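S.K.:
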Amino acid sequence: MNQVIDIKQIAERFAELKRQEKLLKTEIDGLKESVLGIFTEHEGQYNGGTFLLKYDRRDKWEYSPAISEMAEAMKSAKSEEVASGTAEKVQGTPFITFKDLS
Amino acid sequence: MKSFIAIDTETTGFSPKFSNLIQISAVRFENGIEVAHFDSWIRVAERPKQEILDLVGVTWEELRQAPEEAEVMEAFKAFVQPGERLVFHNAPFDLAFLTHAGFELAATRPVSDTQSYAQILHLLSNYKLETVAAAFGVCLDNAHNALADARATGEVYIALKQGKEPYPKQAA
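Line order of the protein sequences matches chains A and B. Mind the numbering: the first sequence is residues 8 to 109 in the working numbering, read in order. Mind the numbering: the second sequence is residues 1196 to 1367 in the working numbering, read in order.
1) Could you spell out where the beta strand (DSSP E) holding D1203/B opens and where it closes?
2) Helix, strand or coil: how does DSSP classify F1271/B here?
3) Quick one: give me the first and last residue of the beta strand (DSSP E) that Y1312/B is part of.
4) Of the residues that make up the region 44–60 of chain A, which ones have a beta carbon closer than 9 Å to any beta carbon in chain B?
5) Among P1277/B, A1338/B and V1333/B, whose alpha-carbon lies nearest the alpha-carbon of Y1362/B?
6) Near I45/A, what residues of its chain come up, given a Cβ to Cβ distance below 7 Å and the 5 sequence neighbours on each side ignored?
7) Under three-state DSSP, which class holds L1335/B?
8) Would you say Y70/A lies against chain B (beta-carbon separation less than 9 Å)?
9) Report the residue from T1206/B, E1279/B and A1221/B whose alpha carbon sits nearest the alpha carbon of E1246/B.
10) Taking the C-alpha atoms as reference points, what is the distance between S75/A and G99/A?
11) Is the distance from the Cβ of S1235/B to the Cβ of V1282/B below 9 Å?
12) Going by DSSP in three states, E95/A sits in which element: helix, strand or coil?
13) Does the beta-carbon of V1239/B have 16 or more other beta-carbons within 10 angstroms, so that it is buried, or is it exposed?
14) Can you give me the Cβ contacts of A1273/B inside the same chain, cut-off strictly under 8 Å, excluding the 5 residues immediately before and after it?
15) Using a beta-carbon distance below 9 Å, is R20/A in contact with chain B?
16) Within the same chain, show all residues whose beta-carbon is closer than 8 Å to that of V1251/B, passing over the 5 residues directly before and after it, in chain order.
17) DSSP state of H1295/B, grouped into three classes?
18) Drop a sphere of 10 angstroms on the beta-carbon of F1233/B, count the other beta-carbons inside from all chains shown, and report buried for 16 or more, exposed for fewer.
19) Listing by chain order, which chain A residues have their CB less than 9 Å from the CB of P1287/B?
20) Looking at the strands, I want to know which residues DSSP matches up with L59/A.
21) Quick check: the Cα distance between A1302/B and F1292/B, rounded to an integer number of angstroms?
Structure, rendered in structure tokens:
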């Protein structure tokens, strides 16, 4: 019985934190553009005394057609190995999906 | 251009909780010219890996005879004037070690980061100090020694502030 209560509490706490996470993410996304705007004036770094905000950017590479063709060929080869049973399926990292019904 | 101090540190690892500072260097620039510098090795209890010693350019004997961290930090704090702009290349890394060692970073202290500043202004192959320095023609012969890196950081900062354009090709 105790175990059932613990599971219920854990599950409800997990769900509550996921709800909070979603709210926080929405708020952070809303502030993101304004925060990005401060970095040119602050030369890449905002010093908050107890925290630092630093501008960073993930640049992408655009490859030549030769590389794109190789990537396509690799994708097809992988699909073929899965279909033929040559590729071996191994267990991945577990994760939990959360759907807010409220 | 107002005066500023370019700072770099060398450490035995990536986390201030598990690693130690072994060198702090700071170079003061006034009107775009170096006018003073601070540079000190820091004694550590355990011998760092040989590749770290080789990378930063110090022997274990030299490091064993260096002053204690507290003594170096006092001298460093005396060198840095209140309100003076601090310039780093990847500020969070160096500031994490410096604040862990007792440096207080006031919220009013202006801090610039040449790594991020270069990212905002220019598209380069990467934003390592060597690459950014090469892009702006800044000499960095002794990379990974804090004094050489601090000098290069200061010169890169000046180039960025002056609106210089990078050379078309940078070293990877």
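Idealized CB from N, CA, C, for every residue including glycine. If you're wondering where the values come from, they're calculated on a predicted model, not measured in any experiment.
M.R.: Put simply:
1) F1199 to T1206
2) DSSP places F1271/B in helix when its eight states are reduced to three.
3) Taken as a continuous stretch (DSSP letters only), Y1312/B belongs to no beta strand (DSSP E), being part of the alpha helix (DSSP H) at T1309 to L1316.
4) F46, T47, H49, E50, G51, Q52, Y53, N54, G55, G56, T57 and L59
5) V1333/B
6) Y53
7) coil
8) no
9) T1206/B
10) 28 Å
11) no
12) coil
13) buried
14) none
15) no
16) The answer, listed in chain order, is E1205, I1217, Q1218, H1339, N1340 and A1341.
17) helix
18) buried
19) Q52, L59 and K61
20) BP columns for L59/A point to N54/A.
21) 17 Å
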